[in-house]
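Student: Okay, here's the structure, questions in a sec.
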Amino acid sequence: MKRCFSDLQEYLKFLDREGELITVDKEISPYLEISEVYQRHAGSKDGGKALLFTNVTGSSMPVAINVFGSYRRLELAFGTKDFSEHAQEIKELTSLKMPDSLIGKLGKAWEMRSVLSYPPRPFKGSVAPCQEVVLTGDQVDLSIMPVMTSWPQDGGPFITLPLVISKSLDGSQKNMGMYRMQIYDRNTTGMHWQIHKDGSHFHGQYRRAKKRMEVAVVIGADPSLVYSATAPLPPMIYELIFAGFVRGESVKTVKCKTVDLEVPAHAEIILEGYVEPDELRPEGPFGDHTGYYTPQEPYPVFHVTAITHRKNPVYLSTVVGKSPMEDCYLAYVTERLFLPLLQMIAPEVVDQHLPWDGNFHNCQVFTIKKEYPYQGRRLMSHIWGFTQASFCKCLITASEDAPIHDDEKFLEYFLDHLDISRNVFITEGIVDALDHSAPQPLYGGKIGFDISHPIPGEPGYGEERVRENNAVKVDYLDKEIGMFERSVTGIHVYGQHLRNPMLILRVNKKRNPYVAKRLAEKVFVKIHLKPFKIFVVVDEKCKDIKDGHHLAWRVFNNTDSQRDFFIEGDRMLIDATYKIPEEGFLRVWPDDLVMSEEVVQKINNEFAEVVL
Numbered sequence: 001m002k003r004c005f006s007d008l009q010e011y012l013k014f015l016d017r018e019g020e021l022i023t024v025d026k027e028i029s030p031y032l033e034i035s036e037v038y039q040r041h042a043g044s045k046d047g048g049k050a051l052l053f054t055n056v057t058g059s060s061m062p063v064a065i066n067v068f069g070s071y072r073r074l075e076l077a078f079g080t081k082d083f084s085e086h087a088q089e090i091k092e093l094t095s096l097k098m099p100d101s102l103i104g105k106l107g108k109a110w111e112m113r114s115v116l117s118y119p120p121r122p123f124k125g126s127v128a129p130c131q132e133v134v135l136t137g138d139q140v141d142l143s144i145m146p147v148m149t150s151w152p153q154d155g156g157p158f159i160t161l162p163l164v165i166s167k168s169l170d171g172s173q174k175n176m177g178m179y180r181m182q183i184y185d186r187n188t189t190g191m192h193w194q195i196h197k198d199g200s201h202f203h204g205q206y207r208r209a210k211k212r213m214e215v216a217v218v219i220g221a222d223p224s225l226v227y228s229a230t231a232p233l234p235p236m237i238y239e240l241i242f243a244g245f246v247r248g249e250s251v252k253t254v255k256c257k258t259v260d261l262e263v264p265a266h267a268e269i270i271l272e273g274y275v276e277p278d279e280l281r282p283e284g285p286f287g288d289h290t291g292y293y294t295p296q297e298p299y300p301v302f303h304v305t306a307i308t309h310r311k312n313p314v315y316l317s318t319v320v321g322k323s324p325m326e327d328c329y330l331a332y333v334t335e336r337l338f339l340p341l342l343q344m345i346a347p348e349v350v351d352q353h354l355p356w357d358g359n360f361h362n363c364q365v366f367t368i369k370k371e372y373p374y375q376g377r378r379l380m381s382h383i384w385g386f387t388q389a390s391f392c393k394c395l396i397t398a399s400e401d402a403p404i405h406d407d408e409k410f411l412e413y414f415l416d417h418l419d420i421s422r423n424v425f426i427t428e429g430i431v432d433a434l435d436h437s438a439p440q441p442l443y444g445g446k447i448g449f450d451i452s453h454p455i456p457g458e459p460g461y462g463e464e465r466v467r468e469n470n471a472v473k474v475d476y477l478d479k480e481i482g483m484f485e486r487s488v489t490g491i492h493v494y495g496q497h498l499r500n501p502m503l504i505l506r507v508n509k510k511r512n513p514y515v516a517k518r519l520a521e522k523v524f525v526k527i528h529l530k531p532f533k534i535f536v537v538v539d540e541k542c543k544d545i546k547d548g549h550h551l552a553w554r555v556f557n558n559t560d561s562q563r564d565f566f567i568e569g570d571r572m573l574i575d576a577t578y579k580i581p582e583e584g585f586l587r588v589w590p591d592d593l594v595m596s597e598e599v600v601q602k603i604n605n606e607f608a609e610v611v612l
């Protein structure tokens, strides 16, 4: 059953009743401290609790955070565990097949009417809650909000859950997207419209026409609105309509005070303003969901003409970084909700998974039902040409028996079913703007692994999957590898009982260019290393080479498949080290996200009763 909350505060009260909210009344700083407490909860196995900080230094507004950061809270927010009801409605809406009979067609029309009956509707009261307080002109001061700085090297405070509303130049299309906003001063922010996003496309229209673009920003809203701003919708579907569908009730809107846009009437805070056609300003660095800092780059500037808010608003925020974080759970909603849309254009897909260690957009895993040879490879080509999935760096196709939603079990399945010599597919194409490992921005290598069971017409059909006796002593390997590469500082063996045993090598990369390439030239020919089929090389920043999630995160983030995958026959070496100028890498390699020790100790000492 769908669940509808009128606003954020109703949702927070519901979380409190369900034992999912911790209220913190002790004074805390929005500079790093809230972030550290949040990370202790978000990083725990079950996502910890939602947090409400009521005494934030420098602001009278409370901060709510981690409100979506567990499967339990997703169920409470949306009224479902698996989103099958929502997904089925999307499937019915997008079905291209019309019934033949008149009764069937009428039924189909009624069915579609029920799905499309949630357009935004005007607020009928005298004063919309989001406009109980109106600040314009010299009254505008963004410092009234407790905007957080999440990581030590961030360029400043960032609004991290803004719902940014805009419309096309001709007014025919509207968009509500989530684009981070760096606070510059009392009335200007950055507007992080990445080049591939709808907001950026709209801004391009205004820029070419040399016209100012009006924008409204929603901060703090009910769960359906927050999720909808992140959903990978086609441009013709307005996110406020989709939010109505998710919640089962139309969103009530009110016209802004200083710009010609409508915003959710029950929001906590609204920022109104404009973006000039050609004004850019350095934005960042920012600790991003990749687990690395995205560098400072020029982005448009948002000028605030009005701040409107409730009499007692709650500021909604989040922190992104290396998984698990709160955004992982919103990505899970997308994974489940949009599977039917994927199946519309790729009916062979049975299920999909977006691994958290792959940052959702760096890796997608599919189970498929094959009808003809090489269908898995065809699907990869199809996906790489399909909207937001085109940014994905790694695609994996597997048969229906693959346990794709259990990362540990699936890794073993992957290693046991991969045929390196036959079923690894490397190509190139566009990549996400946040991909720091590509040789150049926005374009790089892509890799596909087809580990589905071979069918007639495919190599390997009818062959027995052979496992060799691969028991090798690690202390012996230390001596063997140390003889030809002294920079190796750690070794870990994984999956000796599987078809493709893996050897992880940690090296000292400082002033040591091309170390992985040298290793590839050696390990493929050393007789004592013959049992190992896959070698993964990481650098000194990887402290625990036995942590599979950390290793996967390094591989997905730090590799370009055309440059960093060395394949020879049935063996493969992956260079997951950071890249340096001496290797011809001319971009700035970002730092890992690490909280300052001073803040960690302060939270340990002063908030021991809150942190996990």
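Each residue of the sequence shown is one higher than the one before, starting from 1 at the first, in the working numbering. Beta carbons are placed, not taken as given, at the ideal position from N, Cα and C, and that holds for glycine.
(1) Can you confirm whether ILE420, when its beta carbon is compared against all beta carbons of chain E, has any partner nearer than 7 Å?
(2) Are the CB atoms of PHE524 and LEU503 nearer to each other than 7 Å?
(3) Give me the residue from GLU36, LYS311 and VAL301 with the minimum Cα distance to MET191.
(4) What does PRO300 pair with, by DSSP beta-bridge criteria?
(5) Could you compute how far the alpha carbon of TYR206 sits from the alpha carbon of ASP25?
(6) By Cβ distance below 8 Å, which residues in the same chain neighbour PRO298 in space, the five residues on each side in sequence not counted?
(7) Reducing DSSP to helix, strand and coil, say where SER166 ends up.
(8) From ARG113 to ILE237, what does the alpha carbon distance come to, in whole angstroms?
(9) Taking the beta carbon of ALA243 as the centre, do at least 16 other beta carbons fall within 10 Å, making it buried, or is it exposed?
(10) Can you give me the C-alpha to C-alpha distance between PHE607 and TYR329, rounded to a whole angstrom?
(11) Kindly confirm or deny that the stretch 505 to 517 and the stretch 533 to 547 touch, where touching means at least three C-beta pairs closer than 8 Å.
(12) Three-state secondary structure (DSSP) at GLY376?
(13) Is it buried or exposed, ASN55, if we count other Cβ atoms within 10 angstroms and call 16 or more buried?
(14) With a threshold of 8 Å, are at least 3 pairs of Cβ atoms found where one atom belongs to the stretch 27 to 40 and the other to the stretch 183 to 203?
(15) Can you tell me whether PHE566 is helix, strand or coil according to DSSP?
(16) Rounding to the nearest angstrom, what Cα-Cα distance links ARG3 and TYR71 in this structure?
(17) At what residues does the alpha helix (DSSP H) containing ASP198 begin and finish?
(18) Out of ARG499, THR308 and PRO264, point me to the one whose CA is closest to ARG571's CA.
(19) Quick one: any contact between the stretch 121 to 137 and the stretch 170 to 186, if contact means 3 or more CB pairs under 8 Å?
(20) Helix, strand or coil: which one does DSSP assign to PRO152?
(21) Provide the residue(s) that pair with LYS174 in DSSP beta bridges, ordered along the chain.
(22) What do you get for ALA229, buried or exposed, if any count of 16 or more other CB atoms within 10 angstroms of its CB means buried?
(23) Assign VAL140 to buried or exposed, taking buried as 16 or more other Cβ atoms, counted over all protein chains shown, within 10 Å of its Cβ.
(24) When you compare the CB positions of SER150 and GLY287, do they come within less than 7 Å of one another, or not?
(25) Mind pulling the beta strand (DSSP E) runs of 3 or more residues that sit fully within the stretch 280 to 357?
(26) Please name the residue or residues paired with ASP575 in a DSSP beta bridge.
(27) Under 6 Å Cβ to Cβ from GLY548, same chain only, skipping five residues before and after it: list those, please.
(28) Is it buried or exposed, GLN9, if we count other Cβ atoms within 10 angstroms and call 16 or more buried?
(29) Which one of ALA64, GLU568, ARG17 and SER437 has the shortest CA to CA distance from ILE159?
(30) One question on the structure: do LYS522 and PHE484 come within less than 7 Å of each other, judged by their Cβ atoms?
(31) Going along the chain, which residues of its own chain have a beta-carbon closer than 6 Å to the beta-carbon of GLU249, five neighbours each way excluded?
(32) Whose CA, out of PRO152, SER44, ALA50 and SER84, lies closest to the CA of ASP599?
(33) Would you identify the three-state DSSP class for ARG506, choosing helix, strand or coil?
(34) What number of angstroms, rounded off, separates the C-alpha of HIS453 from the C-alpha of ALA398?
(35) Helix, strand or coil for GLY495? Go by DSSP, reduced to three states.
(36) Give me, in chain order, the residues of the same chain whose beta-carbon lies closer than 7 Å to that of GLU412; leave out the 5 immediate sequence neighbours on both sides.
Tutor: On the basis of the coordinates in this document:
(1) In the displayed structure, chain E is absent; only one protein chain is listed.
(2) Translated into positions along the sequence shown, residue 524 becomes position 524. Translated into positions along the sequence shown, residue 503 becomes position 503. No, these two residues do not count as a Cβ contact at 7 Å.
(3) Walking along the sequence shown from the start, residue 191 turns up at place 191. Here the closest residue by C-alpha is VAL301.
(4) Indexing the sequence shown from 1 puts residue 300 at position 300. Looking at the DSSP assignment, PRO300 forms a beta bridge with LEU280.
(5) If you number the sequence shown from 1, residue 206 lands on position 206. If you number the sequence shown from 1, residue 25 lands on position 25. Roughly 45 Å separates the two Cα atoms.
(6) Position 298 of the sequence shown, counted from the first residue, corresponds to residue 298. Answer for PRO298: LEU280, ARG281, PRO282 and GLU283, listed in chain order.
(7) Position 166 of the sequence shown holds residue 166. Correct three-state label for SER166: strand.
(8) As a first step, residue 113 must be located in the sequence shown, where it is residue number 113. As a first step, residue 237 must be located in the sequence shown, where it is residue number 237. Reliability fails at ARG113, whose pLDDT of 48 lies under 50, so the model's placement of it is uncertain and the value that follows must be treated cautiously. If you take the alpha carbons of ARG113 and ILE237, they lie about 15 Å apart.
(9) As a position in the sequence shown, residue 243 is number 243, starting the count at 1. The residue in question, ALA243, is buried, as its Cβ has 16 or more Cβ neighbours within 10 Å.
(10) Your numbering for residue 607 matches position 607 in the sequence shown. Your numbering for residue 329 matches position 329 in the sequence shown. Rounded to the nearest angstrom, the two C-alpha atoms are 26 Å apart.
(11) Yes, the stretch 505 to 517 touches the stretch 533 to 547.
(12) Translated into the one-based positions of the sequence shown, residue 376 becomes position 376. Here GLY376 sits in helix by DSSP.
(13) Numbered from 1 along the sequence shown, position 55 holds the residue referred to as residue 55. Classification for ASN55: exposed.
(14) The stretch 27 to 40 makes no contact with the stretch 183 to 203, as fewer than three CB pairs between them are under 8 Å.
(15) The sequence position of residue 566 within the sequence shown is 566, counting from 1. In the structure shown, PHE566 falls within a strand segment according to DSSP collapsed to helix, strand and coil.
(16) Position 3 of the sequence shown, counted from the first residue, corresponds to residue 3. Position 71 of the sequence shown, counted from the first residue, corresponds to residue 71. The C-alpha of ARG3 lies about 15 Å from the C-alpha of TYR71.
(17) Residue mapping note: residue 198 aligns to position 198 of the sequence shown, counting from 1. Per DSSP, ASP198 is one residue of the alpha helix (DSSP H) stretching across 198 to 209.
(18) Reading the sequence shown from its first residue, position 571 is the one you call residue 571. Measuring from the Cα of ARG571, the nearest candidate turns out to be ARG499.
(19) Two segments are said to touch when three or more pairs of C-beta atoms, one from each, lie closer than 8 Å; by this definition the stretch 121 to 137 does not touch the stretch 170 to 186.
(20) Indexing the sequence shown from 1 puts residue 152 at position 152. Three-state result, PRO152: coil.
(21) Taking the first residue of the sequence shown as position 1, residue 174 is located at position 174. DSSP output for LYS174 lists LYS167 as bridge partner(s).
(22) The sequence position of residue 229 within the sequence shown is 229, counting from 1. Answer is buried; the Cβ neighbour count reaches 16.
(23) For this step, residue 140 is matched to residue 140 along the sequence shown. By the 10 Å Cβ count, VAL140 comes out buried.
(24) Indexing the sequence shown from 1 puts residue 150 at position 150. Indexing the sequence shown from 1 puts residue 287 at position 287. For the 7 Å CB-CB criterion, SER150 and GLY287 form a contact.
(25) Within the stretch 280 to 357, complete beta strand (DSSP E) segments of at least 3 residues are found at 297 to 309, 315 to 317 and 349 to 353, given in chain order.
(26) Against the sequence shown, residue 575 aligns to sequence position 575. In the DSSP output, where bridge partners are listed per residue, ASP575 has VAL537.
(27) Your numbering for residue 548 matches position 548 in the sequence shown. The answer is none, since no qualifying residue turns up.
(28) Against the sequence shown, residue 9 aligns to sequence position 9. By the neighbour-count rule (16 or more Cβ atoms within 10 Å), GLN9 is buried.
(29) The residue labelled residue 159 in the question sits at position 159 within the sequence shown. Across the set ALA64, GLU568, ARG17 and SER437, the C-alpha of ALA64 shows the shortest separation from the C-alpha of ILE159.
(30) For the purposes of this step, residue 522 is taken as residue 522 along the sequence shown, with counting starting at 1. For the purposes of this step, residue 484 is taken as residue 484 along the sequence shown, with counting starting at 1. Cβ atoms of LYS522 and PHE484: closer than 7 Å.
(31) The residue labelled residue 249 in the question sits at position 249 within the sequence shown. Excluding positions up to five away in sequence, the list reads CYS4.
(32) Position 599 of the sequence shown, counted from the first residue, corresponds to residue 599. Strictly speaking, residue 599 in this sequence is Val, with Asp absent from that position. Ranking the options by Cα distance to VAL599, first place goes to PRO152.
(33) Translated into the one-based positions of the sequence shown, residue 506 becomes position 506. For ARG506, the three-state secondary structure derived from DSSP is strand.
(34) In the sequence shown, counting from the first residue as 1, residue 453 sits at position 453. In the sequence shown, counting from the first residue as 1, residue 398 sits at position 398. HIS453 and ALA398: Cα-Cα distance of roughly 7 Å.
(35) Here residue 495 refers to the residue found at position 495 of the sequence shown. DSSP places GLY495 in coil when its eight states are reduced to three.
(36) Sequence index remark: in the sequence shown, residue 412 carries index 412 (1-based). Around GLU412: GLY495 and LEU498.
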